[in-house]
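Under this note's numbering, residues 4 to 472 are what the first sequence spells out, in order.
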Amino acid sequence: MTKKTRTRFAPSPTGFLHIGGARTALFNWLFARHSGGQFVLRIEDTDQTRSTDESTRAILDAMSWLGLDCDEGPHFQAQRVDLHREMVRKLIAEGKAYYCTCTAEELEAKRKAALAAGKKPKYDGTCRNKDLKKSAGSVVRFRGAQTGITIVEDLIKGNITFNNDELDDLIIERGDGYPTYNFAVVIDDALMNITHVIRGDDHVNNTPRQILLYQALGFAVPKFAHVPMILGSDKARLSKRHGATSVMAYKEMGFLPEALVNYLVRLGWAHGDQEIFSLQELIDLFSLDAVGKSPAVFNPEKLLWLNAHYIKGAKITRLAEEMKPLWPEGAKNADPEFTQKVIADMQPRAKTLLEMTTLADFYFVESINYANEAGQKFLLPEVLQHLKDIAEKLPALPDFSKAGIENFLKTFGEERNIKLKIIAQPLRVALTGKTVSPGIDEVMVTLGKDRVIKRINDAVRFIETRAKA
RNA sequence: GGUCCCAUCGUCUAGCGGUUAGGACGCUGGCCUCUCACGCCGGAAACCGGGGUUCAAACCCCCGUGGGACUACCA
């Protein structure tokens, strides 16, 4: 029987969850779900100076917003240092690691000198055979193999061969007694029975050292899969310079989590020509074979398109819930039923929830402010009488539904032999203050008869006032 | 500098020796239409270069070139 698949996502809590991390998490999560395995979350907080609880919370929030639930964790690496230290002692006892008293300053100087001389800046082995004892500020180094090769069998990139002499004696325990990343990650992945390490390909160069560590410790080496980076529009690694990179910033901008997930999964992974995937489809279809080797540029336009797609398909009640924090003050306390109608009107024409709230501002105001050009261009004396007549006839209209209004306007136009076109824009401006809006009939139904009549009368007054001036 | 990775439309990608090189975003022409959006129909747009291997190369190999990552007592 084969071991149950276990993947993990291991962010360091030194900031929010960013787009790249989210995709790594997503791939791990999908791979685990697809194979009926488990997904473990581990917070790598051994850097005491940079890690914060705040970041941990932010990461957890973002994961849960995306729907990436874990089966285990979060584990905290810093709480496992006893384990790490025990392994350090073991390696020292076996002669596979040694104490080193070279100071950071000395090392830095040597590194610079080597670089200046055009040589490789690796540790020169000063303390390698000194058989030093532990002392204040001493670090522990892994005694690496200096000959032979190490092959990383990568599920995405294929086999990658490294000469062991390229690998120097890396520090596994710092002067402050905490383990370094390359060591802790090996111990934890091994002890947590992680079977597949799926992570960013910025880690490929660390992998041979880690493999050597697994072997020195007597652990089974897991499978590795290195996912290519996500780049910004200038092809450099995605960073704040390129705009929003925090997952939660997308929530605040009015994106739906399924849109982000769908977008992210298509960065590097494909299933034929399919673009739209439900979460269940992703779980069924996801595989590492279909993950590409080359880096991908983050394209906000496509994300927007997907978001619009998911907004169109979402239930109104759900959108209403998601949009609660996004409304401006004036609309926040509106009648929920009214708000839902507004959302229904805007739903097919917005790319983000935030955009919906902005576009829908006119529904909630007491009286309309005509947009600069709109009032001047469409609220003209020529249409004055039409607007007056409509305002006059509306109270008697029995069926104030979309169909009823449509029919009313049609008849109205036929009676006086004018095209709907003639009256539509003025009416739109009267009702919304803009030249662009949802359909007149939709707006009227949502607004309700009373508000519609009031707004038309306001427009009538506006035209009369301007005519006098 | 060294090590490693990568290379199909502007972007995300399909392609896994024989295709009119397909789809999607974006751009664009048209239709629909009360504006906008949606939707529908059409268009422009790509195999980085050079050598091999082969009857045949976007696909395999080599060399260039270009990008990226790593090179910490960060993760």
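Virtual Cβ for every residue (Gly too), placed ideally from N, Cα, C.
For clarity, every value in this text was computed on a predicted model and none was experimentally measured.
Query, Result
"Can you give, in chain order, each stretch of the alpha helix (DSSP H) that sits fully within the segment 29-96 and has at least 4 residues?", "56-69, 84-96"
"Return the chain-ordered list of same chain residues with a C-beta closer than 7 Å to the C-beta of Leu362, the five sequence neighbours on each side being excluded.", "Met349, Ala353"
"Quick one: using the 10 Å Cβ neighbour count with 16 as the cut-off for buried, is Arg11 buried or exposed?", "buried"
"Which of the three DSSP states, helix, strand or coil, is assigned to Met4?", "With a pLDDT of 47 at Met4, under the threshold of 50, the modelled position of that residue is not reliable, and the figure given next carries that caveat. Met4: coil per DSSP, three-state reduction."
"Short of 8 Å in beta carbon distance, which residues of its chain neighbour Thr17, apart from the five on each side in sequence? Order them along the chain.", "Asp50, Arg53, Ser54, Thr55, Ser58"
"Restricting to Cα atoms, I'd like to know which of Glu255, Met359, Pro303 is closest to Ser236.", "Pro303"
"Could you give the first and the last residue of the continuous alpha helix (DSSP H) run that contains Tyr253?", "250-255"
"Tell me whether Gln213 is buried or exposed, calling it buried when 16 or more other Cβ atoms sit within 10 Å of its Cβ.", "buried"
"According to DSSP, is Asn336 helix, strand or coil?", "coil"
"Quick one: give me the first and last residue of the alpha helix (DSSP H) that Val189 is part of.", "184-194"
"If you scan the segment 305-373 from start to end, which runs of the alpha helix (DSSP H) of 4 or more residues do you find wholly inside it?", "319-326, 332-335, 339-349, 356-362, 364-367"
"Using the Cβ count rule (16 or more neighbours within 10 Å means buried), how would you classify Gln80?", "buried"
"Rounded to a whole number of angstroms, what is the C-alpha to C-alpha distance between Ala219 and Val91?", "11 Å"
"I need the DSSP call for Glu417, collapsed to helix, strand or coil.", "helix"
"In this structure, how does DSSP classify Thr106 when only helix, strand and coil are distinguished?", "coil"
"Quick one: using the 10 Å Cβ neighbour count with 16 as the cut-off for buried, is Met4 buried or exposed?", "Its pLDDT being 47, under 50, Met4 is placed unreliably in this model, and the coordinates cannot settle the point."
"Applying the criterion that 16 or more other CB atoms from any shown protein chain within 10 Å of the CB defines a buried residue, is Gly150 buried or exposed?", "Position check: residue 150 holds Thr in this sequence, whereas Gly was assumed. Thr150 should be labelled exposed."
"Just to confirm, is the Cβ distance from Ile190 to Thr183 under 8 Å?", "no"
"Indicate the three-state DSSP secondary structure (helix, strand or coil) for Glu156 in the structure shown.", "strand"
"What's the C-alpha gap between Asn310 and Trp68?", "15 Å"
"Going by the CB atoms, is the gap between His87 and Phe186 shorter than 8 Å?", "yes"
"Can you find at least 3 beta carbon pairs, one from the segment 360-376 and one from the segment 326-335, that sit closer than 8 Å?", "yes"
"Can you list, in chain order, the residues of its chain with a C-beta nearer than 7 Å to that of Cys557? Leave out the 5 residues immediately preceding and following it.", "A query on residue 557 cannot be resolved here, the shown segment of the chain reaching from 4 to 472 and no further."
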